[in-house]
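Trainee:
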Amino acid sequence: MSDALAVEVAATVLAKLSSAAFQELCSIWGVQDELEKLKDGSKIIVTTCSHRVATITGTTSHYDLEHLSDDNCLSLFIKLAFKEGEEKQHKNLVRIGKEIVLKCKGVALAVKTLGGLLCSTRLEYDWKVVRDSELWELEQKENDILPALKLSYDHLPWYLKQCFAFCSVFLKDFEFDSLILISMWMANGLVQCSNKNEELEDIGNRYIHELWSRSFFQQLEDGIFTFSFKMRDLVHDLALSVAQNDVSSTGNVQHLYFDLSGQGASLLPNNMGHLRTLIFQSNQEQKDGDCQSCRLYQKGCNTSLNSKS
Numbered sequence: 001m002s003d004a005l006a007v008e009v010a011a012t013v014l015a016k017l018s019s020a021a022f023q024e025l026c027s028i029w030g031v032q033d034e035l036e037k038l039k040d041g042s043k044i045i046v047t048t049c050s051h052r053v054a055t056i057t058g059t060t061s062h063y064d065l066e067h068l069s070d071d072n073c074l075s076l077f078i079k080l081a082f083k084e085g086e087e088k089q090h091k092n093l094v095r096i097g098k099e100i101v102l103k104c105k106g107v108a109l110a111v112k113t114l115g116g117l118l119c120s121t122r123l124e125y126d127w128k129v130v131r132d133s134e135l136w137e138l139e140q141k142e143n144d145i146l147p148a149l150k151l152s153y154d155h156l157p158w159y160l161k162q163c164f165a166f167c168s169v170f171l172k173d174f175e176f177d178s179l180i181l182i183s184m185w186m187a188n189g190l191v192q193c194s195n196k197n198e199e200l201e202d203i204g205n206r207y208i209h210e211l212w213s214r215s216f217f218q219q220l221e222d223g224i225f226t227f228s229f230k231m232r233d234l235v236h237d238l239a240l241s242v243a244q245n246d247v248s249s250t251g252n253v254q255h256l257y258f259d260l261s262g263q264g265a266s267l268l269p270n271n272m273g274h275l276r277t278l279i280f281q282s283n284q285e286q287k288d289g290d291c292q293s294c295r296l297y298q299k300g301c302n303t304s305l306n307s308k309s
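Quick look at the structure:
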């Protein structure tokens, strides 16, 4: 992190902090001295999934958050799967829900995802299919996709599966703009219109809200005409997993996210006839960006470009 950026980050934290701050900071290099100014009146709480990051921050000790209790998981699940008070009318579903929650093993994201999935159905059969899925029985390794996330994906309508998988082309922690993402979905023929009176943009917006309601997207900011959102790292891992046939380093690659500030153009495969989407991130100070994009066309790329500066 450059000195200028470090000061900017520290200044932002100092300006917004009062007595406590909850910041998910995976890297705080260069700002430790600035943050020392806060020690008399404020505290910094750094949350991370990595024990290594917790050690690097130099705290006297770190606290490992326990998984949610079964009661808390069930409470969260009921809140998402039912309208307020509705669970009293569906005692059998609540009973099945308890069994599903136990399989989530206290992972809040898993509970939220399945609660969002099952809120749309009151059929016992649908709930039992989730409860009895063979995915729960698979051996879970450290970097494996959570069974609950895979289950929720498997139960998505086919058109949402395509749209979700497309998002894997972006990097982790990427901030999506709803209008831009919808336009990309439309350009790839992923937005399906069954009603001639409905605009494709409106359908795409509905797709985003459906994925958000199932916890695949995490909304950040709601604007007048658009809103921004991100995908959690675990959800992004799922997107990569289900889209591995479309996103690859072979000549059959269909979607590509490319950083023009690097020198990777020469590493691209010669045959890019299958490429449908090219998203490149450019550096405004990069003088040879146009030359590199020309090299992409010389590789046989016949598609439209989307630029992110």
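Here the sequence shown is numbered in full-length UniProt numbering, starting from 1 and rising by one per residue.
The beta carbon of each residue, even a glycine, is placed where N, CA and C say it ideally should be.
Which class does GLN192 belong to by DSSP, given the choice of helix, strand or coil?
Mentor: In the structure shown, GLN192 sits in coil (DSSP, three-state: anything other than H, G, I, E or B).
Trainee: What three-state label does DSSP hand ASP177 in the structure shown?
Mentor: Strand at ASP177.
Trainee: If distances are taken between C-alpha atoms only, which option among SER213, TYR207, LEU179, LEU171 comes closest to ILE224?
Mentor: The option with the nearest alpha carbon to ILE224 is LEU179.
Trainee: Whose CA, out of ILE203, LEU74, HIS67, lies closest to the CA of residue 395?
Mentor: Nothing can be reported for residue 395: it is not among the residues displayed for the chain, which extend from 1 to 309.
Trainee: Which value, in whole angstroms, describes the spacing of the CA atoms of ARG122 and ARG52?
Mentor: Between ARG122 and ARG52, the C-alpha separation is close to 44 angstroms.
Trainee: What are the boundary residues of the alpha helix (DSSP H) that GLN218 is part of?
Mentor: First-last for GLN218: 218-222, but that is the beta strand (DSSP E), not the alpha helix (DSSP H).
Trainee: To test your reading of the DSSP string, which unbroken alpha helix (DSSP H) runs of 4 or more residues are found completely within the stretch 102-145?
Mentor: The stretch 102-145 contains these whole alpha helix (DSSP H) runs: 108-118, 124-131.
Trainee: Put LYS172 into one of helix, strand or coil per three-state DSSP.
Mentor: Here LYS172 sits in coil by DSSP.
Trainee: So, is THR55 buried or exposed, given that buried needs 16 or more other C-beta atoms within 10 angstroms?
Mentor: With fewer than 16 other Cβ atoms within 10 Å, it is exposed.
Trainee: Is SER133 closer than 8 angstroms to LEU240 when the C-beta atoms are compared?
Mentor: No.
Trainee: Using three-state DSSP, classify LYS79 as helix, strand or coil.
Mentor: DSSP places LYS79 in helix when its eight states are reduced to three.
Trainee: In the DSSP assignment, find the unbroken alpha helix (DSSP H) run with PHE166 in it and report its ends.
Mentor: First-last of the alpha helix (DSSP H) with PHE166: 158-166.
Trainee: Could you check if GLN244 is buried or exposed, using at least 16 other CB atoms within 10 Å of its CB as the buried criterion?
Mentor: With fewer than 16 Cβ atoms within 10 Å of its Cβ, GLN244 is classed as exposed.
Trainee: Ignore the nearest five residues each way along the sequence and tell me which others in PRO157's own chain have a CB closer than 6 angstroms to its CB.
Mentor: Within the same chain, PRO157 has no close Cβ partners at all.
Trainee: Less than 7 angstroms between C-beta atoms, sequence neighbours within five positions excluded: which residues of the same chain meet that for ASN92?
Mentor: GLU124, listed in sequence order.
Trainee: For SER228, I'd like the list of residues in its chain whose CB is within less than 8 angstroms of its CB, leaving aside the five on either flank, ordered along the chain.
Mentor: Taken in chain order, the residues that qualify are GLU175, PHE176, ASP177, SER178, GLN219, LEU220, GLU221.
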